[in-house]
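Novice:
There are 2 protein chains.
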Amino acid sequence: MQHELHVFTKALIAVLLWMCAGATLAGEMRIIENGSREGFIGSSEQFTGTAYIEPVFAKEDPFAVNGGKVTFLPGARSNWHTHPAGQVLVVTEGTGWVQEEGERRREMHAGDVVWCPPEVKHWHGATATTAVTHIAIQQFKDGENVVWQEPVTDEQYDGARQ
Amino acid sequence: MQHELHVFTKALIAVLLWMCAGATLAGEMRIIENGSREGFIGSSEQFTGTAYIEPVFAKEDPFAVNGGKVTFLPGARSNWHTHPAGQVLVVTEGTGWVQEEGERRREMHAGDVVWCPPEVKHWHGATATTAVTHIAIQQFKDGENVVWQEPVTDEQYDGARQ
Chain A
1 MQHELHVFTK
11 ALIAVLLWMC
21 AGATLAGEMR
31 IIENGSREGF
41 IGSSEQFTGT
51 AYIEPVFAKE
61 DPFAVNGGKV
71 TFLPGARSNW
81 HTHPAGQVLV
91 VTEGTGWVQE
101 EGERRREMHA
111 GDVVWCPPEV
121 KHWHGATATT
131 AVTHIAIQQF
141 KDGENVVWQE
151 PVTDEQYDGA
161 RQ
Chain B
1001 MQHELHVFTK
1011 ALIAVLLWMC
1021 AGATLAGEMR
1031 IIENGSREGF
1041 IGSSEQFTGT
1051 AYIEPVFAKE
1061 DPFAVNGGKV
1071 TFLPGARSNW
1081 HTHPAGQVLV
1091 VTEGTGWVQE
1101 EGERRREMHA
1111 GDVVWCPPEV
1121 KHWHGATATT
1131 AVTHIAIQQF
1141 KDGENVVWQE
1151 PVTDEQYDGA
1161 RQ
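Just so you know, the sequences run in chain order A and B. When the count follows the working numbering, it moves up by one through the first sequence with no breaks and lands on 162 for the last residue. When the count follows the working numbering, it moves up by one through the second sequence with no breaks and lands on 1162 for the last residue.
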């Protein structure tokens, strides 16, 4: 009798596991609440000045992109970098600067959207006197969505042609 | 002499066209300015009530997703629909409702992020008394990023279990 119960319990656990796996495979709508996605200050290995980064959405299978919200305080900027499969910046607050290598520095304003194609070396950040916030969405390629390079010098940031 | 000039002009045009094509292929950073992406009221074939849709970013090769900002006035909601490769909603203003088929209606607030997996039938919109705005990002599969279905009835919208 005890043996039979044991078998029954094992079978029940197997069925429950199968049901859970099924639910996971089918996928369920999920709300990731405000305040549950912990932000952090961008590392000085990738940023100059103060950049506050809040994860917005992770790469959820089969999605090929992830998203992060970045607030640059005045004077702050990313290092030069490229994206293997491109990036979109949706500027939500303030005014910032963005520069593609070999081109002039340009202003980006709340409501602007910036498309940066794959492998285009660039940087983005605040202006010297205003903060800026953007949602950055980048696609992965072979597991990578950014390749970091050298810092933006003060001379480059101040607007000399790169 | 006139003939030689003609040939020279043709060669020059060919070189210029080739240079332009090269520039396009290499890809350049592009700022799509606020006010240049014309919004529209969502069709009554896909929405109940007033939903204002502003394109945020198109699907740029090789990007697999596009993005649109939707503002639902109180009472407004999408039809039931699915996304073949999933959707992320980034709630930027207000409070809305979202419901997955077979589950209870849930609230979404500014700062919340909603992940809706592929093929999960759902709707989203404002609450009965508050507007809501979200950026909706959806991935394409075989050229499609949404499959529209029937309207959300008043009974469903008012919160009865689906």
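Positions of the beta carbon are idealized from the N, C-alpha and C atoms, including for glycine.
1) I'd like to know whether the C-beta atoms of residue 1082 of chain B and residue 1120 of chain B end up nearer to each other than 8 Å.
2) Could you say which of A/69, A/65, A/73 lies nearest to residue 127 of chain A if we only look at CA atoms?
3) Answer with yes or no whether the minimum CB distance from residue 21 of chain A to chain B is below 8 Å.
4) Check each residue of the segment 1099 to 1114 of chain B: if its Cβ is closer than 9 Å to any Cβ of chain A, include it; give the result in chain order.
5) If residue 1131 of chain B sits next to residue 1071 of chain B, beta carbons under 8 Å apart, how far is it from one beta carbon to the other, in whole angstroms?
6) Please confirm whether residue 28 of chain A and residue 1028 of chain B have their CB atoms less than 8 Å apart.
7) With DSSP run on the structure shown, which of helix, strand or coil describes residue 46 of chain A?
8) Check residue 155 of chain A in the structure and name its three-state DSSP category.
9) In angstroms with no decimal places, state the Cα-to-Cα distance between residue 1067 of chain B and residue 1056 of chain B.
10) Can you find a CB in chain A that lies within less than 8 Å of the CB of residue 1135 of chain B?
11) Compile a chain-ordered list of the residues in the segment 29 to 43 of chain A whose CB is closer than 8 Å to at least one CB of chain B.
12) Can you name the residues of chain A whose CB is closer than 9 Å to the CB of residue 1068 of chain B?
13) Let me see if you follow: with CB-CB separation under 8 Å, is residue 74 of chain A close to chain B or not?
14) When burial is assigned at 16 or more other CB atoms within 10 Å of the CB, is residue 21 of chain A buried or exposed?
15) Can you pull the chain B neighbours of residue 220 of chain A, defined as C-beta to C-beta under 9 Å?
16) What residue from A/48, A/90, A/89 has the CA that sits closest to residue 150 of chain A's CA?
17) So if I threshold CB-CB distances at 7 Å, which residues from the segment 1138 to 1154 of chain B count as touching chain A?
18) Is residue 1104 of chain B closer than 8 Å to residue 1097 of chain B when the C-beta atoms are compared?
19) In this structure, does DSSP put residue 1122 of chain B in helix, strand or coil?
20) Out of B/1122, B/1051, B/1138, point me to the one whose CA is closest to residue 1039 of chain B's CA.
21) Pop quiz: residue 1084 of chain B and residue 1144 of chain B are said to be a contact at Cβ under 8 Å. What is the actual Cβ separation, rounded to whole angstroms?
22) Give, in chain order, every residue of the segment 49 to 61 of chain A whose Cβ lies closer than 8 Å to some Cβ of chain B.
23) Helix, strand or coil: how does DSSP classify residue 144 of chain A here?
Specialist: On the basis of the supplied data:
1) Taking the first residue of the second sequence as position 1, residue 1082 of chain B is located at position 82. Taking the first residue of the second sequence as position 1, residue 1120 of chain B is located at position 120. A contact, by the Cβ cut-off of 8 Å.
2) For the purposes of this step, residue 127 of chain A is identified with residue 127 of the first sequence, where counting begins at 1. Ranking A/69, A/65, A/73 by Cα distance to residue 127 of chain A puts A/73 first.
3) The residue labelled residue 21 of chain A in the question sits at position 21 within the first sequence. In this predicted model, residue 21 of chain A has a pLDDT of only 40, less than 50, meaning its place in the structure is not dependable enough to derive any value.
4) 1099, 1100, 1103, 1106, 1107, 1108, 1109, 1110, 1111, 1112, 1113, 1114
5) Looking up residue 1131 of chain B in the second sequence gives position 131. Looking up residue 1071 of chain B in the second sequence gives position 71. About 6 Å separates the two Cβ atoms, so the contact holds.
6) By 1-based counting over the first sequence, the position of residue 28 of chain A is 28. By 1-based counting over the second sequence, the position of residue 1028 of chain B is 28. Not in contact: residue 28 of chain A and residue 1028 of chain B (Cβ atoms no closer than 8 Å).
7) In the first sequence, counting from the first residue as 1, residue 46 of chain A sits at position 46. Three-state result, residue 46 of chain A: coil.
8) Along the first sequence, one-based indexing puts residue 155 of chain A at 155. Correct three-state label for residue 155 of chain A: helix.
9) Sequence index remark: in the second sequence, residue 1067 of chain B carries index 67 (1-based). Sequence index remark: in the second sequence, residue 1056 of chain B carries index 56 (1-based). Their Cα atoms are separated by approximately 5 Å.
10) Indexing the second sequence from 1 puts residue 1135 of chain B at position 135. Residue 1135 of chain B belongs to the set of residues whose beta carbon lies under 8 Å from a beta carbon in chain A.
11) So the close ones are 29, 30, 31, 32, 33, 34, 35, 37.
12) Stepping through the second sequence from its first residue, residue 1068 of chain B is reached at position 68. Simply none; closest approach about 11 Å.
13) Sequence index remark: in the first sequence, residue 74 of chain A carries index 74 (1-based). No, residue 74 of chain A lies away from the interface with chain B (no Cβ there is under 8 Å from its Cβ).
14) Mapped onto the first sequence, residue 21 of chain A falls at position 21. The predicted position of residue 21 of chain A is uncertain, since its pLDDT is 40 and thus under 50; no value can be drawn from it.
15) Absent from the structure is residue 220 of chain A, since the part of chain A shown begins at 1 and ends at 162.
16) Stepping through the first sequence from its first residue, residue 150 of chain A is reached at position 150. Ranking A/48, A/90, A/89 by Cα distance to residue 150 of chain A puts A/48 first.
17) Here the close residues are 1139.
18) Counting from 1 along the second sequence, the entry for residue 1097 of chain B is found at position 97. Counting from 1 along the second sequence, the entry for residue 1104 of chain B is found at position 104. No, Cβ-Cβ distance for residue 1097 of chain B and residue 1104 of chain B is not below 8 Å.
19) Position 122 of the second sequence, counting from 1, holds the residue named residue 1122 of chain B. Residue state, collapsed to three classes: strand.
20) Translated into positions along the second sequence, residue 1039 of chain B becomes position 39. Answer by Cα proximity: B/1051.
21) Position 84 of the second sequence, counted from the first residue, corresponds to residue 1084 of chain B. Position 144 of the second sequence, counted from the first residue, corresponds to residue 1144 of chain B. Right, the Cβ-Cβ distance comes to about 5 Å (below 8 Å), so this counts as a contact.
22) 56, 57, 60
23) Locating residue 144 of chain A in the first sequence gives position 144, counting from the first residue. If DSSP states are grouped into helix, strand and coil, residue 144 of chain A belongs with the strands.
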